[in-house]
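> Note that full-length UniProt numbering numbers the sequence shown so that position 160 is 160, with each residue one more than the last.
Using N, Cα and C, we set each Cβ at its ideal position, and we do this for glycine too.
Here it is, the structure in full.
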Amino acid sequence: MALACTSPAPAEPPGHYVIPGDRAFPTGLAYDPGTGHYFVGRAADGALYRGHVDRPDAEPWSPHGTDGRTLTSGMTMDAAGRLFVNGADSNITRVYDPGSGELLSELHGLPGGFVNEVSVAEGGTAYVTDSFLPMIYRITERDGRRQMDPWLDIDQTAIE
């Protein structure tokens, strides 16, 4: 006697994704492969939305003004599932627990800066670009505390 087992075909992802609002231009996008959730910032006011790759509609996750956030730029997730959100010309990088929405860290760049893109390396160290100053910052964590320091001055590079 032979038995055939079949698994249901994986669902097709939505053809498009919707961020609520008339002028919801996205800035920053972070994806958590462990949960299938994505996070996106809204350019107009820094509100954050969370969606799931299997569903077309994103939902408000953290409204405009939360934790003083009025703008967003680059975003990413680290291997531990924490959400890094750069605040553009506020010059603040915020780290959140995506499950609870709790603000875990608020880290400041140099005066006059504009924290833009963020990327996390293997091992958990994060690097942040500054669009107004020739600087790359490094975020490290020790004993549960994060610290952002100027790491690489790119003023003397071939980039012009």
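Would you kindly check if the distance between the Cβ of residue 29 and the Cβ of residue 18 is under 8 Å?
It is not a contact, given that the beta carbons lie outside the stated cut-off.
> Any idea if residue 99 is buried or exposed, counting beta-carbon neighbours within 10 angstroms, 16 or more meaning buried?
Residue 99 should be labelled exposed.
> Which residue from 84, 116, 14 puts its Cα closest to that of residue 91?
Looking at the Cα atoms, 116 is the closest of the given residues.
> Label residue 72 either buried or exposed according to how many other C-beta atoms from any shown protein chain fall within 10 Å of its C-beta, with 16 as the threshold for buried.
Under this definition residue 72 is a buried residue.
> Would you kindly report the start and end of the unbroken beta strand (DSSP E) that includes residue 102?
Here residue 102 belongs to no beta strand (DSSP E), and DSSP marks it neither H nor E.
> Under the three-state reduction of DSSP, which class applies to residue 153: helix, strand or coil?
In this structure, residue 153 counts as strand in the three-state DSSP scheme.
> Return the chain-ordered list of same chain residues with a C-beta closer than 8 Å to the C-beta of residue 62, the five sequence neighbours on each side being excluded.
Excluding sequence neighbours, residue 62 sits near 47, 48, 69, 96, 101.
> Is it buried or exposed for residue 84, if we count other Cβ within 10 angstroms and need 16 for buried?
Looking at its Cβ environment, which holds 16 or more other Cβ atoms inside 10 Å, residue 84 is buried.
> Distance check for residue 139 and residue 121, CA to CA, integer angstroms please.
The alpha-carbon atoms of residue 121 and residue 139 are separated by roughly 10 Å.
> Buried or exposed, going by whether 16 or more other CB atoms sit within 10 Å of the CB of residue 152?
With fewer than 16 Cβ atoms within 10 Å of its Cβ, residue 152 is classed as exposed.
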